[in-house]
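The sequence shown begins at 7 in the numbering used here and counts up one residue at a time.
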Amino acid sequence: MEIVSTCPHTSCVLSSLKGLSNGLSYGAKVRFTHSLVIALLFGRQPWIKRVQQIISNTIEHSTRLGLYVFLYKTILCIVTRIRKVRTPINSAIAGAIAGYCMFSKETNVNVQIILYLFSRVLTSGVGLLYKKGLIPKSLFLENTNFAILTTICWSIVMYLFEERKESLQTSLVHSMTFLYKDSEVWKDWYDALPFPDFFRNLLTKHK
């Protein structure tokens, strides 16, 4: 019996390989930039260690994302051919399997990716429930929903930072420590400038 394919592309294999390529390049571009900025702003290790960490994080992010896209598209094609129909359920099945395979290990890179996705899934889900009428509609909520979300988020994160910082992600704690705790220490007038260490070293060397 001839297998009926409802995939939108001409070749499942080529589509998956192209997805792998796109995932590798996109992951490398995003992670390299992010890791470089973090290393410049918050790095305390010797530069050789920072460079090694940047390369390691970039390789992990790009590899995992590339392989995820490859697995997702491959599994999606298989499920579609088995069911002989392409529906969002197929995407959910493929996403679950590929996601477990590539992102279930708790690493710093994986945690950042999942938290990024979770925040967007959560806000999209609430918006969808509201549009479907499962959350009571209110003109007040429509006009102030983002302001309410902002207020709640900042209130909770500042409380947790002061009282339960161990419950927050490590990179977030480092960022907040730099912003709110390190700013309590004043050495000299250079501390009033952005990047005080840079200007301190630059100007004192010319004295």
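Even glycine gets a Cβ: it sits at the ideal position worked out from N, Cα and C. These figures come from a predicted structure and were not determined experimentally.
Identify, in the order they occur along the chain, each residue of the same chain with its Cβ nearer than 7 Å to the Cβ of residue i, setting aside the five sequence neighbours on each side.
i, result
"VAL10", "Reliability fails at VAL10, whose pLDDT of 47 lies under 50, so the model's placement of it is uncertain and no value is given."
"THR64", "ALA34, ARG37, PHE38 and SER41"
"PRO14", "none"
"LEU174", "LEU166 and PHE167"
"CYS107", "LEU77"
Quick check: residue i and residue j, are their CB atoms within less than 9 Å of each other?
i, j, result
"THR176", "ARG92", "no"
"PHE109", "ILE99", "no"
"SER22", "LYS79", "yes"
"LEU82", "SER97", "yes"
"ARG206", "ASP188", "no"
"LEU147", "THR129", "no"
"VAL117", "GLU66", "no"
"LEU145", "VAL163", "no"
Within the same chain, show all residues whose beta-carbon is closer than 6 Å to that of residue i, passing over the 5 residues directly before and after it, in chain order.
i, result
"THR113", "none"
"PHE167", "MET182"
"CYS18", "CYS83"
"LYS171", "VAL179"
Note the first and the last residue of the continuous alpha helix (DSSP H) segment covering residue i.
i, result
"GLY72", "53–89"
"PHE38", "18–48"
"PHE184", "Where PHE184 is concerned, there is no enclosing alpha helix (DSSP H), given that its DSSP letter is neither H nor E."
"ALA100", "94–109"
Excluding the 5 residues flanking residue i on each side, which residues of the same chain have their C-beta closer than 8 Å to its C-beta?
i, result
"LEU30", "SER68, THR69, LEU71 and GLY72"
"PHE48", "HIS180, SER181 and PHE184"
Would you please state the rounded distance, in angstroms, between the beta carbons of residue i and residue j? I believe it to be under 8 Å.
i, j, result
"HIS133", "PHE76", "It is Gly, not His, that sits at residue 133 in the sequence shown. Rounded, the Cβ-Cβ distance is 30 Å, inconsistent with contact."
"ALA104", "TYR136", "The pair is not a contact, with the Cβ atoms about 29 Å apart (cut-off 8 Å)."
"GLN59", "ALA45", "7 Å"
Any heavy atom of the ligand GTP inside 8 Å of the beta-carbon of residue i?
i, result
"VAL115", "Ligands displayed in this structure: none; no statement on the ligand GTP is therefore possible."
Secondary structure, alpha helix (DSSP H): runs of 4+ residues fully inside the region 134–174 = Whole alpha helix (DSSP H) segments, 4+ residues: 145–169.
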